[in-house]
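Residue numbers (numbering that gives the first Met the number 0), protein chains in the order written: chain X, 0 to 162; chain U, 0 to 117; chain B, 0 to 324; chain Z, 0 to 102.
All residues carry an ideal CB built from backbone N, CA and C; glycine is no exception.
Structure record follows, encoded as structure tokens.
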Amino acid sequence: MGTLAAFLILSAVTLIPAVVVVTSKNIVRSALALVPTFLGITGLYILLQAEFVAGIQVLIYAGAITVLILFVIMLTEGGTGIRIRQVNEQVAVGVLASATLAALLIWVFLRTPWPRGPGALPEHTADQIGKTLLSSMVLVFEVTSLVLLISLIGAIIIARRER
Amino acid sequence: MLLDWLYVAAFAVIGLLLAGLSLAIVWVLSLRSAYPEKRMTYESGMVPFGQAWAQFNIRYYLFGLVFVIFAVEVIYLYPWAIVFRQLGKFAFVEMLIFLVVLLLGLAYAWRKGALEWI
Amino acid sequence: MNWGAEIAKAVLAAVGMFTFLAIVAAMFGVLLERKIGGWIQSRLGPKHVGPQGVLQTLADTLKLLQKENVTPRAADALIFNTAPLVVATAGLMGWLVIPFGKIGETVLVVRDLNIGILFFAAMASMTVIGILAGGWASNNKYSLLGALRSASQMISYELPMGMALVAVAMEAGTLSTVGIVRAQDGWMGSFVFRQFPAFVIFMIAAVAEVNRIPFDLPEAESELVAGYISEYSGMRFSLFMLGEYAEMFAMAAMTTTLFLGGWKGPLLPPLVWFFLKMYLVVFFMMWVRWTFPRFRLDQLLNLSWKVLLPAGLIWILISGYRITF
Amino acid sequence: MAVGLAHFLVVSALLFCLGLYGVLTRRNAVAILMGIELMLNAANINLVAFNKYVAPAALNGQVFTLVVITLAACEVGVGLALVMAAYRNLETVQVDRINMLKW
């Protein structure tokens with residue numbers, strides 16, 4: 000009962016700002032509405048017993064990516080873009096496509112008999128994640144560092160003024 | 000575990016409510032006199048011109064970018080930090096490779112002047 | 000589990016903690032700051048309200064509560080009004096994981112989260128959003144410039160702080176704050192000895208995170224009016240200040256927890272030890288504020304990116320090597 | 000009614016489609032990136048939910064989530080760099096006006 004109430008509140012906290020993100024005319028408000036969306040998703044992770052991922056969600060999405068997006072908005076058109084139309088001529092198509100896809104996805108999700116695996120989630124997820132990452136997923140872990148390196152180099156090359 | 004986070008949620012909600020309450024008290028207690036000059040943007044006494052929502056230096060973006068990349072790196076350090084003792088030398092070497100690769104990134108950003116503020 | 004009772008307890012804990020913080024961190028903290036500032040600069044500081052001026056901040060609070068909230072015409076009212084609430088709340092949230100002391104076997108902490116210090120770092124990072132939002136919503140050139148400076152400064156110092164937190168987590172083998180205090184046995188066991196570079200990095204980053212002199216560029220009065228709070232007045236201004244002071248005290252409390260052995264100490268009760276150490280750190284931060292001049296922006300960023308960040312990474316490798324082999 | 004896998008899947012489907020709508024209809028390149036972020040987050044909810052309800056024995060789903068978060072950070076970094084470059088050269092971030100290749 001308590002969990003269901005928490006779930007409904009958190010879903011609302013996630014989805015209502017998400018609507019603002021995709022519809023607001025003011026692009027800064029859109030970006031700021033990302034924060035409650037991400038925090039709501041953090042709450043959903045908590046309900047799913049993924050504490051560590053929840054902490055990361057706040058730190059990276061709400062604390063870092065949103066800041067970077069806000070920086071770029073302020074460095075480009077920022078609030079001056081309020082007077083510009085923010086949507087293109089595909090609104091009808093967009094509504095149709097996403098509504099169809101949503102209906103389809105939900106239909107599939109509800110009809111599929113999901114299997115239930117054995118075992119239970121550990122109480123402390125952080126150290127388990129560390130062990131998984133450093134043993135069976137070590138290749139993923141190392142490749143991640145390369146991906147980070149390459150995207151850092153690429154972004155610096157693209158963003159810097161050519162001299 | 001959920002109980003812990005009930006407290007977190009309570010802290011967040013009560014924090015916002017109490018801060019809002021202080022503004023509500025102000026609303027009740029304060030005298031209000033609105034004349035146009037009071038609500039003018041403050042620019043050291045000059046009459047403001049233009050919008051503040053203008054564009055700024057690209058430097059801010061470069062710092063934001065390097066920050067995001069290294070913030071992501073730090074999240075991998077946390078789970079490693081609490082288990083590497085149990086996993087021994089292998090885990091240390093893995094993290095050594097990871098960090099050296101990222102130090103290369105830092106060196107590149109440094110070399111290319113992404114960390115300079117001019 | 001009885002959810003109603005638990006929710007009531009959580010709400011009570013939150014209200015109690017916030018009232019305590021408003022008094023100890025904000026009101027008493029501001030008084031302490033002014034008294035110490037006066038003492039260092041051979042002035043008297045506040046003196047007239049109450050004996051030796053101890054009621055000065057109470058009077059200030061009463062004054063602030065009666066001031067009109069002015070919203071500039073050009074501002075984005077919704078965001079302008081929400082931003083101070085976010086900053087104040089984010090400043091208070093970090094206190095959730097701070098262990099104050101121990102009575103018998105019960106540790107005095109609101110909740111001992113498994114991801115304690117990660118939670119602390121996450122909450123500290125939320126302040127940036129509030130500051131950026133407030134500075135942008137003011138629609139004032141000084142505010143926006145101050146907000147951008149503040150944000151770039153805070154994100155720059157979040158990384159070295161994260162490195163210092165990781166170094167401590169390595170030493171203790173846990174992310175929980177109570178676990179970290181328990182891992183520091185005896186006087187020499189305090190992590191300030193074994194993790195001295197991490198301690199230095201953490202202290203510098205902590206002062207920079209809360210935008211205090213010598214890192215107070217965002218509010219540089221002589222250049223930017225008051226930075227991101229230029230347009231804020233009355234209670235909204237004081238909510239920003241409340242957030243800032245709560246976070247400064249939280250940083251001091253975290254330094255105590257991570258490096259100075261938390262509540263541990265001989266003879267005196269644990270609670271007394273904790274507050275003694277915390278106020279020592281607070282005093283140090285105030286001392287620094289009234290002694291040093293302000294950094295230049297490029298010096299500030301160089302310190303973070305070219306000194307503290309590589310130093311933090313290398314220190315993590317050194318500690319890892321020492322612990323592994 | 001207890002909260003089960005289906006609840007989370009429905010929320011993530013809705014979030015994904017909101018993100019898709021944003022990507023399809025927005026003109027501002029940054030807003031399109033925000034839509035993509037929403038879609039990635041929807042995927043993350045699914046990964047964590049499947050981890051809990053379908054395969055709780057190992058934490059692979061949560062580790063995947065970390066990887067997705069990493070990739071999202073990289074994607075946003077490079078994507079925004081492209082936006083900055085486009086803005087510098089063409090002085091707009093409206094994607095339907097970035098159409099130089101047509102000539």
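query                                                                                                                                     : result
Extent of the continuous alpha helix (DSSP H) to which B/V281 belongs                                                                     : P269 to T290
Residue span of the beta strand (DSSP E) that contains B/I102, given as start and end                                                     : G100 to I102
Contact list for the segment 105-122 of chain X against chain Z, Cβ threshold 8 angstroms                                                 : I105, F108, L109, W113, P114, R115, G116, P117, G118, A119, L120 and P121
Distance CB(B/A166)-CB(B/I315) smaller than 8 angstroms                                                                                   : yes
Per-residue burial, B/W286 [other beta carbons within 10 Å of its own, 16 or more giving buried]                                          : exposed
Contacts of Z/V2 in chain X (Cβ-Cβ under 8 angstroms)                                                                                     : T2, L3, F6 and L46
The beta strand (DSSP E) enclosing B/N107, as first and last residue numbers                                                              : It should be noted that the sequence gives Leu, not Asn, for residue 107 of chain B. Note, B/L107: beta strand (DSSP E), T105 to L107.
Own chain partners of Z/F15 with C-beta closer than 7 angstroms, once the 5 adjacent residues on each side are dropped                    : M38 and A41
Alpha helix (DSSP H) runs wholly inside the segment 65-127 of chain X, at least 4 long, in chain order                                    : 65-74 and 90-110
Cβ shell of B/F239 (< 7 angstroms), same chain only, five flanking positions each side left out                                           : P83, V86, I228 and Y231
Proximity of B/I164 and B/A123 at Cβ, strictly below 8 angstroms                                                                          : It should be noted that the sequence gives Leu, not Ile, for residue 164 of chain B. Contact flag unset, no.
Within-8 angstroms CB hit, B/I130 to chain U                                                                                              : no
Residue span of the alpha helix (DSSP H) that contains U/D3, given as start and end                                                       : L1 to L28
Endpoints, the alpha helix (DSSP H) within which B/Y244 is located                                                                        : G233 to F258
Minimum Cβ-Cβ distance from X/G129 to chain B less than 8 angstroms                                                                       : no
Rounded separation between Z/L81 and Z/I31 - CA only                                                                                      : 13 angstroms
Within-8 angstroms CB hit, U/V71 to chain Z                                                                                               : yes
First and last residue of the uninterrupted alpha helix (DSSP H) at Z/G21                                                                 : L4 to T24
Simplified DSSP assignment, three categories, for B/N1                                                                                    : coil
Chain-ordered residues of the segment 85-106 of chain U with a beta carbon less than 7 angstroms from chain X                             : L86, A90, E93, I96, F97, V100, L101, L103 and G104
Limits of the unbroken alpha helix (DSSP H) element including B/Y227                                                                      : Premise fails: B/Y227 is in no alpha helix (DSSP H) and is neither H nor E.
Start and end residues, alpha helix (DSSP H) containing Z/M83                                                                             : N59 to L89
For X/E141, the first and last residue of its enclosing alpha helix (DSSP H)                                                              : V137 to A158
Pairwise C-alpha distance: B/N210 and Z/V10                                                                                               : 39 angstroms
Proximal residues of chain U, C-beta to C-beta of Z/L37 below 8 angstroms                                                                 : Residues of chain U passing the Cβ test: none, with the nearest at roughly 18 angstroms.
Chain-order list of residues whose beta-carbon lies under 6 angstroms from that of B/H237 (same chain, five-residue window excluded)      : Position check: residue 237 of chain B holds Ser in this sequence, whereas His was assumed. Result list for B/S237: L63, in chain order.
Within-8 angstroms CB hit, U/F10 to chain X                                                                                               : no
Contacts around B/F283, its chain only, beta-carbon distance under 7 angstroms, and the 5 residues preceding and following it disregarded : none
Chain U residues whose Cβ lies nearer than 9 angstroms to that of X/R159                                                                  : I57, L61, K111, G112 and A113
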